[in-house]
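Below is one structure, written out as structure tokens, with a few remarks after it.
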Amino acid sequence: SPIIAGLRAVAADPDYDPSIPHRRLVLVSDLLEHDPQGFSLYVSDTNYAAWQAQGSNRPPDFARVDLRVVPIDRPDHADAQAVAMARFWPAFFDASDVQSVSTDPAP
Numbered sequence: 039s040p041i042i043a044g045l046r047a048v049a050a051d052p053d054y055d056p057s058i059p060h061r062r063l064v065l066v067s068d069l070l071e072h073d074p075q076g077f078s079l080y081v082s083d084t085n086y087a088a089w090q091a092q093g094s095n096r097p098p099d100f101a102r103v104d105l106r107v108v109p110i111d112r113p114d115h116a117d118a119q120a121v122a123m124a125r126f127w128p129a130f131f132d133a134s135d136v137q138s139v140s141t142d143p144a145p
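Just so it is clear: in the sequence shown, position 85 is 123 by our numbering, and no numbers are missing.
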């Protein structure tokens, strides 16, 4: 799923301007980014550095955003989800300058 494209769209929305104090974002997702023509978190041993190395990939600007992640359980892809949550998303959110990240427990 195009999670990163969705996050970029939110960051670019004028109604979500960085001048707004106390911005919050809830991300409900399986966290398995997949671009059929590029980066995929379904591939084993992938990480943030691999995504960055694929060209002009820059994370969106989420300065002063409190992010709540609500993972959708995908038992058939549990290993890929665990890797994504450990090796990709923390670095991505850090590079996006997210103020705080909280993750709901998996269902």
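For glycine and all other residues, C-beta sits at the position ideal for the given N, C-alpha and C.
Within the same chain, show all residues whose beta-carbon is closer than 6 angstroms to that of residue i, passing over the 5 residues directly before and after it, in chain order.
{"i": "residue 48", "result": "54"}
{"i": "residue 95", "result": "89"}
{"i": "residue 129", "result": "86"}
{"i": "residue 41", "result": "67 and 71"}
Cβ of residue i within 8 angstroms of Cβ of residue j?
{"i": "residue 118", "j": "residue 79", "result": "yes"}
{"i": "residue 111", "j": "residue 138", "result": "no"}
{"i": "residue 68", "j": "residue 97", "result": "no"}
{"i": "residue 56", "j": "residue 120", "result": "no"}
{"i": "residue 60", "j": "residue 39", "result": "no"}
{"i": "residue 99", "j": "residue 140", "result": "no"}
Between the Cα of residue i and the Cα atoms of the options, which residue gives the shortest distance?
{"i": "residue 114", "options": "70, 40 and 64", "result": "70"}
{"i": "residue 83", "options": "143, 58, 106 and 124", "result": "124"}
{"i": "residue 142", "options": "107, 58 and 50", "result": "107"}
Using the DSSP secondary-structure output, state which residues sit across from residue i in a beta bridge.
{"i": "residue 106", "result": "64 and 140"}
What residue does the alpha helix (DSSP H) around residue i start on, and which one ends it?
{"i": "residue 86", "result": "86-90"}
Excluding the 5 residues flanking residue i on each side, which residues of the same chain have their C-beta closer than 7 angstroms to its C-beta?
{"i": "residue 76", "result": "92"}
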